[in-house]
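A.B. asks:
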Amino acid sequence: MPAMAMTDPARYAADAAQAVGAVFEDLDNGEGYLFRVSKGSHFLVAGAGSVCSFPVNSATAFTLSRDKAHTKTVLREAGIPVIPGRLFFAHKRRAGLRGPGREIEDARAYAAQLGYPVFVKPNHGSRGNFAEIVQDDAQLADYAARVAVEFESFLLEPVVDGTEHRVMIHDGRVVFHSVKQTPDLVGDGQRTLGELLAEFNAQLSEQGISPYPASILAGQDGEVLESGGFVVLPGRRNLSAAGTLERISMEAPHVLAQMSARAVAALGLRIGAVDLFDLSEAGDLSKLAVIEVNGNPGLRTLELAGRMDLIRGIWVAMLNELLEA
Numbered sequence: 049m050p051a052m053a054m055t056d057p058a059r060y061a062a063d064a065a066q067a068v069g070a071v072f073e074d075l076d077n078g079e080g081y082l083f084r085v086s087k088g089s090h091f092l093v094a095g096a097g098s099v100c101s102f103p104v105n106s107a108t109a110f111t112l113s114r115d116k117a118h119t120k121t122v123l124r125e126a127g128i129p130v131i132p133g134r135l136f137f138a139h140k141r142r143a144g145l146r147g148p149g150r151e152i153e154d155a156r157a158y159a160a161q162l163g164y165p166v167f168v169k170p171n172h173g174s175r176g177n178f179a180e181i182v183q184d185d186a187q188l189a190d191y192a193a194r195v196a197v198e199f200e201s202f203l204l205e206p207v208v209d210g211t212e213h214r215v216m217i218h219d220g221r222v223v224f225h226s227v228k229q230t231p232d233l234v235g236d237g238q239r240t241l242g243e244l245l246a247e248f249n250a251q252l253s254e255q256g257i258s259p260y261p262a263s264i265l266a267g268q269d270g271e272v273l274e275s276g277g278f279v280v281l282p283g284r285r286n287l288s289a290a291g292t293l294e295r296i297s298m299e300a301p302h303v304l305a306q307m308s309a310r311a312v313a314a315l316g317l318r319i320g321a322v323d324l325f326d327l328s329e330a331g332d333l334s335k336l337a338v339i340e341v342n343g344n345p346g347l348r349t350l351e352l353a354g355r356m357d358l359i360r361g362i363w364v365a366m367l368n369e370l371l372e373a
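The sequence shown begins at 49 in our numbering and counts up one residue at a time.
In structure tokens, the structure reads:
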């Protein structure tokens, strides 16, 4: 079996360690989910996956950012606009430990109050996993059953339409700004939409991402798209879920930079990426709402843009601070 490539954070840490004269040691049989960087008598242990890859972020700040419902509460209390919504539980295994109003039957009543379609996503999920648009009560019941296999709770929100931005912040400064777009199925003039979706879902499954439900095709499974034609797959814009970037910049409009820096600081993070919707009709950033804050953002966007220098700068700054103390 061929050796697996090390995780992105391990590669970035090894590169920065060499730049500052430190020693990088993989502690995970070459896979890089756990590693140590040392210099003289000082060292730090970091990793990837479930481990926060930015050792300057505190455990409290990171775990707060992983909880989307708590993040919304913190930001709302700080006067930062967020996408409205409520938290519900997909199963009743620990129902005795929480108050009333958060069970699946309550979710169905809330969805009916909002009006379908609604948007749902796991409270502790990432990478677009199980982020879906649900069209009716039957689909919501089906979603709760599917998501309960991997996650205990989920957020239910109205479907909003706007341009999605991501701004990464490091100690109050913008690292990069990107604009996201949804993935799509591209026709070849031969295969049906159902066949294209099956192939697309197989690729997602290989990455550990939940597949799109067949209902997303709205009964058009047997339709054959002409070559080059496409159908948008709404609900996910994550790069890891096959979303793409329209553009990336090392600067951000002032209003985006300001709100993102405030959101990261409100959670106590030093490094974080903020996803925001511009809901203004004119697309002029006059009506922003924070979707979520990622306390452990991936840097693959920068790598794909050829900006390893910025990645190295982030890691060199962290290593110099933590290994020179």
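C-beta atoms are modelled at their ideal positions from N, C-alpha and C, and glycine is treated no differently.
A quick note: this is a predicted structure, and the numbers were derived from the prediction, not measured.
How about Phe102 and Asn344: do their beta carbons lie closer than 8 Å?
C.D. replies: As a working note, residue 102 is residue 54 in the sequence shown. As a working note, residue 344 is residue 296 in the sequence shown. Yes, the Cβ-Cβ distance between Phe102 and Asn344 is below 8 Å.
A.B. asks: Scan the stretch 164-234 and note each continuous alpha helix (DSSP H) run of 4 residues or more that stays entirely inside, going in chain order.
C.D. replies: Correct list: 185-195.
A.B. asks: Answer with buried or exposed for Leu367, where buried requires no fewer than 16 other C-beta atoms within 10 angstroms of its C-beta.
C.D. replies: Numbered from 1 along the sequence shown, position 319 holds the residue referred to as residue 367. Flag for Leu367 reads buried.
A.B. asks: Taking Asp219 as the reference, give the member of Asp154, Lys169, Gln306, Val227 with the closest Cα.
C.D. replies: Position 171 of the sequence shown, counted from the start, is the residue given in the question as residue 219. Selected option, being the one with the closest Cα: Gln306.
A.B. asks: Where does Asp357 sit, in a helix, a strand or coil, going by DSSP?
C.D. replies: The residue given as residue 357 occupies position 309 in the sequence shown. In the structure shown, Asp357 sits in a helix (DSSP, three-state: H, G or I).
A.B. asks: So, under 8 Å CB-CB, Ile131 and Phe325 are touching, yes? Tell me the CB distance rounded to an integer number of Å.
C.D. replies: Taking the first residue of the sequence shown as position 1, residue 131 is located at position 83. Taking the first residue of the sequence shown as position 1, residue 325 is located at position 277. Yes, Ile131 and Phe325 are in contact; Cβ-Cβ is about 7 Å, under 8 Å.
A.B. asks: For Val166 and Glu200, I'd like the C-alpha separation in whole angstroms.
C.D. replies: Taking the first residue of the sequence shown as 1, we reach residue 166 at position 118. Taking the first residue of the sequence shown as 1, we reach residue 200 at position 152. So the two alpha carbons sit approximately 19 Å from each other.
A.B. asks: From this set, Ala65, Gly210, Lys140, which residue's C-alpha is nearest Ile362's C-alpha?
C.D. replies: By 1-based counting over the sequence shown, the position of residue 362 is 314. If we check each option's Cα against that of Ile362, Ala65 comes out closest.
A.B. asks: Look up Val341 in the DSSP assignment and say whether it is helix, strand or coil.
C.D. replies: Here residue 341 is taken as the residue at index 293 of the sequence shown, counted from 1. The answer is strand: DSSP assigns Val341 an E or B state.
A.B. asks: From the DSSP output, which residues share a beta bridge with Val279?
C.D. replies: Numbered from its first residue, the sequence shown carries residue 279 at position 231. Bridge partners of Val279: Leu233.
A.B. asks: Quick one: give me the first and last residue of the beta strand (DSSP E) that Ile319 is part of.
C.D. replies: Residue numbering aside, residue 319 sits at position 271 when the sequence shown is read from its first letter. Where Ile319 is concerned, the enclosing beta strand (DSSP E) stretches over 319-326.
A.B. asks: Provide the residue(s) that pair with His90 in DSSP beta bridges, ordered along the chain.
C.D. replies: As a working note, residue 90 is residue 42 in the sequence shown. Bridge partners of His90: Lys87.
A.B. asks: Just checking my contact of Val215 with Ala321 at CB under 8 Å: how many whole Å lie between their CB atoms?
C.D. replies: For the purposes of this step, residue 215 is taken as the residue at position 167 of the sequence shown. For the purposes of this step, residue 321 is taken as the residue at position 273 of the sequence shown. About 7 Å; that satisfies the 8 Å criterion.
A.B. asks: If Phe202 sits next to Asn249, beta carbons under 8 Å apart, how far is it from one beta carbon to the other, in whole angstroms?
C.D. replies: As a working note, residue 202 is residue 154 in the sequence shown. As a working note, residue 249 is residue 201 in the sequence shown. The Cβ separation is near 20 Å, so there is no contact.
A.B. asks: Any contact between the stretch 87-107 and the stretch 143-150? By contact I mean 3 or more CB pairs, one from each, below 8 Å.
C.D. replies: The stretch 87-107 is not in contact with the stretch 143-150.
A.B. asks: Quick check: the stretch 348-364 against the stretch 232-243, are there 3 or more CB pairs under 8 Å?
C.D. replies: No, the stretch 348-364 does not touch the stretch 232-243.
A.B. asks: Less than 8 Å between the beta carbons of Ile296 and Thr211, yes or no?
C.D. replies: Translated into positions along the sequence shown, residue 296 becomes position 248. Translated into positions along the sequence shown, residue 211 becomes position 163. No, Cβ-Cβ distance for Ile296 and Thr211 is not below 8 Å.
A.B. asks: Mark Pro57 as exposed unless 16 or more other C-beta atoms lie within 10 angstroms of its C-beta, in which case mark it buried.
C.D. replies: Your numbering for residue 57 matches position 9 in the sequence shown. It is buried - the Cβ of Pro57 has at least 16 other Cβ atoms within 10 Å.
A.B. asks: Work out the CA separation of Ala96 and Glu73 for me, nearest whole Å.
C.D. replies: Residue 73 sits at position 25 when you count from the first residue of the sequence shown. Residue 96 sits at position 48 when you count from the first residue of the sequence shown. Their Cα atoms are separated by approximately 14 Å.
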